[in-house]
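Asker:
In our numbering, the protein residues as written are 537 to 648.
1. Using a threshold of 8 Å, state whether the C-beta atoms of residue 602 and residue 561 are closer than that.
2. In the DSSP assignment, find the alpha helix (DSSP H) that holds residue 567 and state where it starts and stops.
3. Quick test of your reading: residue 607 and residue 615, contact by CB under 8 Å. State the CB separation rounded to the nearest angstrom.
4. Between residue 568 and residue 590, which are expected to be in contact by the criterion C-beta below 8 Å, what is the C-beta distance as a whole number of angstroms?
5. Give the DSSP-derived three-state secondary structure of residue 615 in the structure shown.
6. Would you identify the three-state DSSP class for residue 544, choosing helix, strand or coil?
7. Closest to residue 584 by C-alpha separation, out of 559, 596, 576, 604, would be which residue?
8. If we call anything under 8 Å between Cβ atoms a contact, is residue 553 one with residue 566?
Dropping the structure here:
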């Protein structure tokens, strides 16, 4: 009868391993690679470039989230808001230099 599953089919043991898991990252290496190719930054993109970029983005995100979480904790809040991100970035010398020309908006208002 058609429509019924086959009885003697063994489940496949091969599982997909993502580039992110191979590199030990949480950020999507495959997506970063696709975006680098689509962005016309160069004719060719090496295999290591998206891994490195994803690692840098993951590190920066983790650093900002940690400092923002500390700022929220100091203000006795359990949720990180734009103000906490602003405080974290502006109180860290290196992040402040990196985000010197960035304006962070909160509730439609500009925080400087």
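A virtual CB, placed ideally from N, CA and C, is assigned to each residue, including glycine.
Answerer: In terms of the structure at hand:
1. In the chain shown, the residue the question calls residue 602 occupies position 66. In the chain shown, the residue the question calls residue 561 occupies position 25. Taking 8 Å as the Cβ cut-off, residue 602 and residue 561 do not qualify as a contacting pair.
2. Translated into the one-based positions of the chain shown, residue 567 becomes position 31. 565-574 is the extent of the alpha helix (DSSP H) around residue 567.
3. The sequence position of residue 607 within the chain shown is 71, counting from 1. The sequence position of residue 615 within the chain shown is 79, counting from 1. Going by Cβ atoms, the distance from residue 607 to residue 615 rounds to 12 Å, so no, they are not a contact pair.
4. One-based indexing of the chain shown puts residue 568 at position 32. One-based indexing of the chain shown puts residue 590 at position 54. Indeed, because the Cβ distance is near 5 Å, the residues count as touching under 8 Å.
5. Counted from its first residue, the chain shown places residue 615 at position 79. It is coil, neither helix nor strand.
6. Translated into positions along the chain shown, residue 544 becomes position 8. It is coil, neither helix nor strand.
7. As a first step, residue 584 must be located in the chain shown, where it is residue number 48. When C-alpha distances from residue 584 are compared across 559, 596, 576, 604, the shortest belongs to 559.
8. Sequence index remark: in the chain shown, residue 553 carries index 17 (1-based). Sequence index remark: in the chain shown, residue 566 carries index 30 (1-based). Their beta carbons are not under 8 Å apart, which means residue 553 does not touch residue 566 by this criterion.
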